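Asks:
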Amino acid sequence: MSIENLTLAPFFAANRNPFNYAKIEQVNRDLMTEWLTLEQITQQLNLVDDESQDSYLSSLELATRFAIEDYLGISMFSTQYRIYYGNPGFFSNAIYLDLPEVSAGYNGVTINEVRCYIGDPNPASVTINQSQYYYDPTGNRVVVKSIPNSISQVIANPLQVLYTVPANFIAQYPIVQQAGLLMLTHLYNNRSNTTETKLNQIPFGIEQLLRPYKSLVM
Amino acid sequence: MGIVRYENLTVKNVVNSTDSVGEYTTTLTDWFLTRGLVHDVSNTLRISERYRAYSDLVNITLNYTPNTKEMVDNQNLYAINWRGFDWRISDVRESNDRMKITFLCYRNDPVVPV
Numbered sequence: 673m674s675i676e677n678l679t680l681a682p683f684f685a686a687n688r689n690p691f692n693y694a695k696i697e698q699v700n701r702d703l704m705t706e707w708l709t710l711e712q713i714t715q716q717l718n719l720v721d722d723e724s725q726d727s728y729l730s731s732l733e734l735a736t737r738f739a740i741e742d743y744l745g746i747s748m749f750s751t752q753y754r755i756y757y758g759n760p761g762f763f764s765n766a767i768y769l770d771l772p773e774v775s776a777g778y779n780g781v782t783i784n785e786v787r788c789y790i791g792d793p794n795p796a797s798v799t800i801n802q803s804q805y806y807y808d809p810t811g812n813r814v815v816v817k818s819i820p821n822s823i824s825q826v827i828a829n830p831l832q833v834l835y836t837v838p839a840n841f842i843a844q845y846p847i848v849q850q851a852g853l854l855m856l857t858h859l860y861n862n863r864s865n866t867t868e869t870k871l872n873q874i875p876f877g878i879e880q881l882l883r884p885y886k887s888l889v890m
Numbered sequence: 052m053g054i055v056r057y058e059n060l061t062v063k064n065v066v067n068s069t070d071s072v073g074e075y076t077t078t079l080t081d082w083f084l085t086r087g088l089v090h091d092v093s094n095t096l097r098i099s100e101r102y103r104a105y106s107d108l109v110n111i112t113l114n115y116t117p118n119t120k121e122m123v124d125n126q127n128l129y130a131i132n133w134r135g136f137d138w139r140i141s142d143v144r145e146s147n148d149r150m151k152i153t154f155l156c157y158r159n160d161p162v163v164p165v
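So the protein sequences, as listed, match chains A and B.
For the first sequence, position 85 matches number 757 in this note's numbering, and the numbering has no gaps at all.
For the second sequence, position 75 matches number 126 in this note's numbering, and the numbering has no gaps at all.
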């Protein structure tokens, strides 16, 4: 990447390091859909048809999925984020709004809306028209063709992008599911935060199973 | 360390009643399938003049769940089917962390002539 491209960094930068967002918020996450099925779980725990703990197992399954999603930085099911960006310091130019690595995925993302605070001294948040921006899947960023010249100078992060990440197909890989079952078994067997004896990790455990699927996040 | 082998088990409900001619009956119906660790404890043989009677004792360890707690609380109402035979519960031991329950189960073979 030539250094000339960084002239207007970070907003015009052609690379993504550093990212130009200021803050990430997760605003919606699937709390309902089952990732590991109760059939898989009861087989793993040797409970088979003993269904008397199913609701407890379902809550463990949810915790396991969240832990692995967060570890890998992927969304096993659709997840929505709101990202905040500072004032780029110029207007009427195209700017690139980097999306965080959690959104990198094979299907790209759906941009729900781009908002901008305009009008000092009483700024109000307005939606930027869809025709004024598009998503660049190769760079995983939103290109806003032009931002309003009345963009607020007083709001800390006047630009916001709300977007939805689709389900990631990696979630269906048997090796990732096996890592999930290992973690779930650990949570099932160890229900206290403390133990009297030292616990050891097994070789080829969760981290090794998941390592190839964990994206490098700067 | 060897592989721990869990074995297929069927927990059954036991209903004792009296039939129309006044004989005591024991009816077993399937409740749920599960898997547990099974250890042989003892096989004993008693030989009388005319008969020999085999009786077996095994330890069956299951996870502590609401269902297995129910079995502990009402040991007379449940039997465990393992290797095609029904085993009645004789004793139970709950681990103090409430994670495992060990059932001591017995079974008598039909007496056979010497």
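Note that CB positions come from ideal geometry on N, CA and C, so glycine has one too.
Note that this is a predicted model, so its numbers are computed, not measured.
Judging by CA-CA distance, which residue of Ser724(A), Phe691(A), Ile713(A) is the nearest neighbour of Phe83(B)?
Replies: Taking the first residue of the second sequence as position 1, residue 83(B) is located at position 32. Checked all of Ser724(A), Phe691(A), Ile713(A); the closest Cα to Phe83(B) is Ser724(A).
Asks: In three-state terms, what does DSSP make of Ile842(A)?
Replies: Along the first sequence, read from residue 1 onward, the residue named residue 842(A) stands at position 170. Three-state DSSP puts Ile842(A) in a helix.
Asks: I'd like to confirm the pairing. Which residues does DSSP put opposite Leu108(B) in its beta bridges?
Replies: Here the question's residue 108(B) lines up with position 57 in the second sequence. According to DSSP, Leu108(B) bridges with Ser93(B), Tyr157(B).
Asks: How is Tyr885(A) classed by DSSP in three states: helix, strand or coil?
Replies: Position 213 of the first sequence, counted from the start, is the residue given in the question as residue 885(A). Looking at Tyr885(A) - three-state DSSP - the assignment turns out to be helix.
Asks: I'd like to know whether the C-beta of Phe154(B) is nearer than 8 Å to at least one C-beta of chain A.
Replies: For the purposes of this step, residue 154(B) is taken as residue 103 along the second sequence, with counting starting at 1. Cβ-Cβ to chain A under 8 Å: no for Phe154(B).
Asks: If you draw a straight line from the alpha carbon of Tyr157(B) to that of Lys870(A), how long is it in whole angstroms?
Replies: Residue 157(B) sits at position 106 when you count from the first residue of the second sequence. Residue 870(A) sits at position 198 when you count from the first residue of the first sequence. Spanning the two alpha carbons is a distance of roughly 37 Å.
Asks: For Arg149(B) and Thr866(A), I'd like the C-alpha separation in whole angstroms.
Replies: As a working note, residue 149(B) is residue 98 in the second sequence. As a working note, residue 866(A) is residue 194 in the first sequence. Cα to Cα, the separation comes out at about 16 Å.
Asks: Could you check whether the stretch 735 to 747 of chain A touches the stretch 840 to 856 of chain A, counting it as contact only if at least three pairs of C-beta atoms, one from each stretch, sit closer than 8 Å?
Replies: Judged by Cβ distances under 8 Å, the stretch 735 to 747 of chain A makes contact with the stretch 840 to 856 of chain A, as three or more pairs qualify.
Asks: Of all the options Lys151(B), Pro164(B), Val165(B), which has the alpha carbon lying nearest to the alpha carbon of Asn862(A)?
Replies: Residue 862(A) sits at position 190 when you count from the first residue of the first sequence. Ranking Lys151(B), Pro164(B), Val165(B) by Cα distance to Asn862(A) puts Lys151(B) first.
Asks: Take Phe136(B) and list the residues in its own chain whose beta-carbon comes closer than 7 Å to its own, dropping the five residues that flank it on each side.
Replies: By one-based count along the second sequence, residue 136(B) stands at place 85. Excluding positions up to five away in sequence, the list reads Arg158.
Asks: State the start and end residues of the unbroken alpha helix (DSSP H) segment that holds Ala739(A).
Replies: For this step, residue 739(A) is matched to residue 67 along the first sequence. Start and end: 726 to 744.
Asks: So for Leu896(A), helix, strand or coil by DSSP?
Replies: The question about residue 896(A) has no answer here: the residues shown for chain A are numbered 673 through 890.
Asks: To which residues of the same chain is Ile675(A) closer than 7 Å at the C-beta, ignoring the five residues directly before and after it?
Replies: Here residue 675(A) is taken as the residue at index 3 of the first sequence, counted from 1. Bear in mind that a pLDDT of 41 at Ile675(A), under 50, signals an unreliable position, so the number given afterwards is only what the model happens to contain. So the list is empty, once near-sequence residues are dropped.
Asks: Does Thr116(B) get closer than 8 Å to chain E when you measure Cβ to Cβ?
Replies: Given the protein chain composition of this structure (A and B), no chain E is represented.
Asks: Taking the alpha-carbon positions, what's the Asn829(A) to Asn692(A) distance?
Replies: Sequence index remark: in the first sequence, residue 829(A) carries index 157 (1-based). Sequence index remark: in the first sequence, residue 692(A) carries index 20 (1-based). Roughly 11 Å separates the two Cα atoms.
Asks: For Gln725(A) and chain B, any beta-carbon pair shorter than 8 Å?
Replies: Here residue 725(A) corresponds to residue number 53 of the first sequence, with the count starting at 1. It does: the Cβ of Gln725(A) has a partner Cβ on chain B nearer than 8 Å.
Asks: Under 8 Å: do the stretch 736 to 755 of chain A and the stretch 694 to 708 of chain A share three or more Cβ pairs, one atom per stretch?
Replies: With a cut-off of 8 Å, the stretch 694 to 708 of chain A and the stretch 736 to 755 of chain A count as touching, because enough Cβ pairs lie within range.
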